[in-house]
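First up is the structure itself, then whatever we jot down about it.
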Amino acid sequence: MASSSSSSASSISRPFKYKWIERAERLEKYCKGGYHPVEIGDVLHDGRYEIVNKLGFGGWSTVWLARDSVEKRYVALKVGLAASTPNETPNETHALRALEMVAGFEAIPRLLDEFWVKGPNGSHPCFTTKPALYSLSECSDTLLFPLDVARALAYELALAVAHVHSNGWAHGDIHLRNMLIRARSNFDQLSSKQFSEKFGKPEIYPVERMDGTTLRPGVPSTIVIPCATGGKSSEELILSDAFIVLNDFGEAFIPESQSRLGVDCHTPPDYRPPDTYLQPDVPLSFSADIWSLALAFWDLLGMEVMFESDFGSLDSIVAQVVDTLGPLPDGLWEKWERKKRIEYFNDDGTPTAGRDISSKLEQRFEEAVQEYRREEYWRKHNLGEVGIEETGVFLDLMRRMLKVQPEERITIDEVLQSEWMTKWAKPEYDRSRSSTARVET
Numbered sequence: 030m031a032s033s034s035s036s037s038a039s040s041i042s043r044p045f046k047y048k049w050i051e052r053a054e055r056l057e058k059y060c061k062g063g064y065h066p067v068e069i070g071d072v073l074h075d076g077r078y079e080i081v082n083k084l085g086f087g088g089w090s091t092v093w094l095a096r097d098s099v100e101k102r103y104v105a106l107k108v109g110l111a112a113s114t115p116n117e118t119p120n121e122t123h124a125l126r127a128l129e130m131v132a133g134f135e136a137i138p139r140l141l142d143e144f145w146v147k148g149p150n151g152s153h154p155c156f157t158t159k160p161a162l163y164s165l166s167e168c169s170d171t172l173l174f175p176l177d178v179a180r181a182l183a184y185e186l187a188l189a190v191a192h193v194h195s196n197g198w199a200h201g202d203i204h205l206r207n208m209l210i211r212a213r214s215n216f217d218q219l220s221s222k223q224f225s226e227k228f229g230k231p232e233i234y235p236v237e238r239m240d241g242t243t244l245r246p247g248v249p250s251t252i253v254i255p256c257a258t259g260g261k262s263s264e265e266l267i268l269s270d271a272f273i274v275l276n277d278f279g280e281a282f283i284p285e286s287q288s289r290l291g292v293d294c295h296t297p298p299d300y301r302p303p304d305t306y307l308q309p310d311v312p313l314s315f316s317a318d319i320w321s322l323a324l325a326f327w328d329l330l331g332m333e334v335m336f337e338s339d340f341g342s343l344d345s346i347v348a349q350v351v352d353t354l355g356p357l358p359d360g361l362w363e364k365w366e367r368k369k370r371i372e373y374f375n376d377d378g379t380p381t382a383g384r385d386i387s388s389k390l391e392q393r394f395e396e397a398v399q400e401y402r403r404e405e406y407w408r409k410h411n412l413g414e415v416g417i418e419e420t421g422v423f424l425d426l427m428r429r430m431l432k433v434q435p436e437e438r439i440t441i442d443e444v445l446q447s448e449w450m451t452k453w454a455k456p457e458y459d460r461s462r463s464s465t466a467r468v469e470t
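Using our numbering, read the sequence shown as starting at 30 and increasing by one per residue.
As structure tokens, this is what we get:
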């Protein structure tokens with residue numbers, strides 16, 4: 030959900046008021062204009078949705094597994110931050126309505142229901158979709174995907190982005206945390222109790238203030254840690270698991286009619302195009318998704334990200350971009366504030382002495398992808414090594430997608446038509462949809 034209020038924003042900058050709970054959302058955001066307090070067993074929307082467990086949270090919302098008493102099914106119920114303008118259609122539901130898919134392609138969430146909830150912190154937009162299992166980021170933490178699975182996932186992700194772009198939208202927040210593995214089996218027949226017995230009871234901790242005083246209205250008495258709904262680790266995935274949902278359209282926008290400036294890009298730093306930092310007043314377009322999509326492909330093949338943020342430092346990311354991909358165009362080089370730039374580069378463009386220098390693209394691929402895939406441990410899992418021909422073709426695609434000047438990046442249609450997609454990714458995607466792959470489940 031892409032709307033918030035100044036009160037919720039200001040609460041983040043204040044000192045911690047509550048005792049830290051690992052893997053939980055920032056508790057200070059339970060305030061006027063912030064999160065809505067939700068607890069296990071709560072019933073929302075005139076008794077229709079019973080809260081069973083927590084699926085996740087983000088800067089704009091919390092997401093819950095709920096039992097729909099009308100349709101007798103489980104749903105993912107997203108509860109957004111309190112809106113500054115109650116009853117205004119939230120950006121995310123507007124995007125999902127516009128992107129509703131034809132039958133048979135489920136890589137974009139289908140909006141099932143939407144409503145508002147009033148609470149002590151304000152009026153909160155809510156909507157439901159079909160629940161997914163877990164994110165690709167969760168299942169790949171320090172692990173590798175089998176090569177055939179990585180290719181199939183990359184192709185379906187590209188198809189999803191192509192659908193978004195062809196309908197005039199940009200996603201605005203592409204990374205593995207927003208790519209979810211779809212549930213292939215139906216657990217709607219399970220009662221709430223049976224669901225907990227199968228997937229585990231909710232992990233609940235009491236909320237306590239640092240000063241020991243009583244919690245104010247609007248702060249939940251307990252906090253729920255996001256659950257793992259039977260997730261596999263990445264090396265355990267097979268082609269029949271390679272069905273994803275491109276999730277979280279809270280940052281989506283229409284480039285033709287909505288001016289989204291670089292300064293307003295909220296993509297995580299290691300997926301964020303450098304032009305959004307160097308040209309903060311220039312409007313974003315579909316090309317911002319292409320940069321992030323390239324880095325998502327990289328993450329699917331490798332163990333290490335291409336660019337890693339140093340405590341969120343965008344200057345560190347820009348330096349790595351230059352090290353790996355080559356010099357910035359003169360116009361962008363000059364826009365990089367000199368007092369920040371000289372921490373990484375001298376005025377003549379040479380790296381400053383004593384700092385770590387990121388490898389060029391070919392060597393970075395060797396370090397982040399190939400060396401891991403050759404290790405004995407991963408070879409035992411038969412995860413596959415990228416061949417010489419495929420390596421060259423894949424790196425060519427990376428160079429075309431990772432142009433620093435946004436207007437020079439290829440389009441999503443060109444991505445789908447690229448040699449890596451047509452020769453390596455699409456065949457694995459087709460296999461994942463074949464009857465043979467389905468028998469593997």
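Beta carbons: idealized from backbone N, C-alpha and C, even for Gly.
Sequence-distant partners of L106 (beyond 5 residues in either direction) whose C-beta falls short of 6 Å from its own C-beta, in its chain, are Y78, W93, A95, T157. Inter-residue distance for V193 and A124 is about 9 Å (C-alpha atoms, whole angstroms). Between the segment 132-149 and the segment 266-281, the count of C-beta pairs closer than 8 Å reaches three or more; the two stretches touch. If you ignore the 5 residues before and after E143, its C-beta comes within less than 6 Å of the C-beta of T122, F156, all in its own chain and listed in chain order.
Inclusion of D344 and R367 in the CB contact set at 9 Å is not warranted, their separation being larger than that value. DSSP places R180 in the helix class (H, G or I) of the three-state scheme. Take the alpha-carbon of K159 and the one of P358: they are about 45 Å apart. R180 sits buried, since 16 or more C-beta atoms from the chains shown fall within 10 Å of its C-beta.
It is roughly 6 Å from the alpha-carbon of P302 to the alpha-carbon of W320. When the beta-carbon positions are compared, K83 and V253 come within less than 9 Å of each other. By the beta-carbon neighbour count (other beta carbons within 10 angstroms, threshold 16), S195 is exposed.
One alpha carbon belongs to K222, the other to D339, and they sit about 44 Å apart.
Around the CB of Y184, 16 or more other CB atoms lie within 10 Å, so the residue is classed as buried. Rounded to whole angstroms, the gap between the alpha carbons of I69 and D75 is 16 Å. The C-beta distance from M450 to A191 rounds to 11 Å, too long to fall under 8 Å, and the pair is not in contact. The shortest C-alpha to C-alpha distance from Q308 to any of V347, G331, F282 is the one to V347.
Straight across, the Cα-Cα distance linking I386 with E100 is about 56 Å. Bridge partners of D142 according to DSSP: T157. Around the beta carbon of Y406, a 10 Å sphere encloses fewer than 16 other beta carbons of the protein chains shown; the residue is thus reported as exposed. For Y78, the enclosing beta strand (DSSP E) covers residues 78-86.
In this structure, P66 sits near G148, with a CB-CB distance shorter than 9 Å.
Boundaries of the beta strand (DSSP E) harbouring P235: 232-235, taken from the DSSP string. A distance of 9 Å or more separates the beta carbons of G416 and H295. The beta carbon of V398 sits closer than 6 Å to those of L330, G331, all from its chain and outside the five residues before and after it, given in chain order. Rounded to the nearest whole angstrom, the CA to CA distance from N375 to L324 is 28 Å. L176 and E414 have their C-alpha atoms roughly 7 Å apart.
Excluding five sequence positions before and after V350, the CB atoms of its chain that fall closer than 6 Å to its own CB belong to P303, given in chain order. Ranking T251, F228, G241 by CA distance to the CA of P235 puts T251 first.
Assignment of beta-bridge partners to R238 by DSSP yields Y47. In this structure, the alpha-carbon of A111 lies about 9 Å from that of S90.
A Cβ-Cβ separation of about 16 Å leaves V433 out of contact with L322 under the 8 Å criterion. Secondary structure of D344 (DSSP, three-state): helix. In the three-state reduction of the DSSP assignment, V311 falls in the coil class. The three-state reading of DSSP puts W93 in strand, counting E and B together.
The criterion of a C-beta distance shorter than 9 Å is satisfied by Y64 and N150. DSSP places Y103 in the uninterrupted beta strand (DSSP E) bounded by 102-109.
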